[in-house]
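**Student:** Numbering (our numbering), first residue to last: 2 to 267.
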Amino acid sequence: MLICALRSFKQKSLGCLAFSTCILVFGFYPNAYALNIDKAKIYFLNGDYKSAISEGEKVLTKYTAHSPNLDGLYYILGLSYLKDGNYLRASDIFEIILREFKDSQFQDEAKLGLGDTYFLKGDYNKAQGYYSELINSNPRTGLKATLYYRFSQLGLQKGDTQAAKEYLDKLKTDFPSSLEIKLNKDLYALTDIYYTVQVGSFVNFPNARNLCDKLISKGYDAYLEETDANNAKIYRVKVGRLKSRPEATQLENKLSSEGYPTKILP
2 MLICALRSFK QKSLGCLAFS TCILVFGFYP NAYALNIDKA KIYFLNGDYK SAISEGEKVL
62 TKYTAHSPNL DGLYYILGLS YLKDGNYLRA SDIFEIILRE FKDSQFQDEA KLGLGDTYFL
122 KGDYNKAQGY YSELINSNPR TGLKATLYYR FSQLGLQKGD TQAAKEYLDK LKTDFPSSLE
182 IKLNKDLYAL TDIYYTVQVG SFVNFPNARN LCDKLISKGY DAYLEETDAN NAKIYRVKVG
242 RLKSRPEATQ LENKLSSEGY PTKILP
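(1) With 16 other CB atoms within 10 Å as the buried threshold, where does T65 fall?
(2) Hey, which unbroken runs of the alpha helix (DSSP H) at 4 residues or more fall wholly within the stretch 105-186?
(3) Short of 7 angstroms in beta carbon distance, which residues of its chain neighbour Y75, apart from the five on each side in sequence? Order them along the chain.
(4) Assuming Y82 contacts K122 under a Cβ cut-off of 8 angstroms, what Cβ separation, rounded to an integer in Å, is found between them?
(5) In chain order, what residues of the same chain have a beta carbon less than 7 angstroms from the beta carbon of C213, not counting five sequence neighbours either side?
(6) Excluding the 5 residues preceding and the 5 following Y119 in the sequence, name in chain order all residues of the same chain whose CB lies nearer than 6 angstroms to its CB.
(7) In three-state terms, what does DSSP make of Y50?
(8) Which same chain residues, not among the five before or five after I54, have their C-beta less than 6 angstroms away from its C-beta?
(9) Please return the same chain residues whose Cβ sits closer than 6 angstroms to the Cβ of S52, not counting the five positions on each side in sequence.
(10) Among the residues of its own chain, which have a CB less than 8 angstroms from the CB of Y125, if the five just before and after it don't count?
(11) Would you call the CB atoms of L135 and L113 closer than 8 angstroms?
(12) Return the first residue and the last residue of the alpha helix (DSSP H) that D222 is part of.
(13) Quick check: what's the CA-CA separation for K42 versus G241?
(14) How close, in whole Å, do the beta carbons of E253 and V198 come, if the pair is a contact with beta carbons under 8 angstroms?
(15) Along the alpha helix (DSSP H) that carries T250, what are the first and last residues, could you check?
(16) Kindly list the residues whose CB is nearer than 6 angstroms to the CB of L148, restricted to its own chain and excluding five residues on each side of it in sequence; keep chain order.
(17) Tell me which residues share the same chain as V60 and place their Cβ nearer than 7 angstroms to its Cβ, disregarding the 5 neighbours each side in the sequence.
(18) Would a C-beta distance cut-off of 8 angstroms place G57 and I77 closer than the cut-off?
(19) Less than 6 angstroms between C-beta atoms, sequence neighbours within five positions excluded: which residues of the same chain meet that for L3?
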């Protein structure tokens, strides 16, 4: 089956990471703050990342090199820049934590955040390097469930579906109650991973059916997938169930040359 839960990784999964990591490290939930960087945390957990950045940068100007919680402030800023899409600034801040705060409780989280910046920029090899360094240097890290999830994503992006499946199995076996599982419940139903090429998305079923039938008449393995979006039915036309990304890319190129709008999905 298609691994639908993994498609929105760049938004949903990092949201899960940010929230769960804050709980793990700071030990707080909304409305339970006791540190002097409270406002930045509140803005962050409310999803107002620009305000979190503004507040955090303002507080940063009042800190000295020996101020308590400085590494925590940097960490909140790094996550906020990451969620706001400023990957360069986020990576700079995570680097500061790793370089300047070697005894910080945020060392593991900074390595994970740095890996995430490269993942989101599409540099999967560098991302994998940081994830691997983290899990190898600290096999008991409390972020192992998140790392398993990241490694599964890397497998999908790099076309290694076997690795993706193995890490998802590890996640479900070793951390069945993890937040990654709870927020992606359909991972439990995962039996296979494959790639497909989407060639159309419609709100009108007959239009979707017509395109699907046309592709089938041309010899393509086309099919319809029905989903819900904004309280409305969406009908997506897809072609192929392929085991590797290179195969999917070859199919995408062929369909694109015939004038179809294409998109590869894991």
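Where is the CB? At the ideal position from N, CA and C, for every residue including glycine.
**Tutor:** Concretely, from the data shown:
(1) It counts as exposed.
(2) Within the stretch 105-186, the complete alpha helix (DSSP H) runs of at least 4 residues are 108-121, 125-138, 145-159, 162-175 and 180-183.
(3) Taken in chain order, the residues that qualify are I94, I97 and I98.
(4) Not really, about 13 angstroms apart at Cβ, beyond 8 angstroms.
(5) The residues are A223, Y224, L225 and V238.
(6) Excluding residues within five positions, the ones whose Cβ falls inside 6 angstroms are K127 and A128.
(7) Helix at Y50.
(8) Excluding residues within five positions, the ones whose Cβ falls inside 6 angstroms are S81.
(9) Excluding positions up to five away in sequence, the list reads Y44.
(10) If the five residues before and after Y125 are omitted, its C-beta is found closer than 8 angstroms to the C-beta atoms of Y119, L155, Q158 and K159, all from its own chain and listed in chain order.
(11) Against a cut-off of 8 angstroms, the Cβ pair of L113 and L135 comes out as a contact.
(12) Careful: D222 lies outside any alpha helix (DSSP H) and carries neither H nor E.
(13) Using only the alpha carbons, I get a separation of about 45 angstroms.
(14) About 5 angstroms separates the beta carbon of E253 from that of V198, a gap short enough to meet the 8 angstroms contact definition.
(15) Segment R246 to S258, the alpha helix (DSSP H) holding T250.
(16) Close CB contacts of L148 within its chain, under the 6 angstroms cut and outside five residues either way in sequence, are with Y132 and I136 (chain order).
(17) Taken in chain order, the residues that qualify are I38, A41 and L74.
(18) Cβ distance < 8 angstroms, so G57 and I77 count as in contact.
(19) Because the pLDDT of L3 is 34, which lies under 50, any placement of that residue in the model is unreliable, and the number read from its coordinates should be weighed accordingly. Taking C-beta separations shorter than 6 angstroms and ignoring five residues to either side along the sequence, L3 has no partners in its chain.
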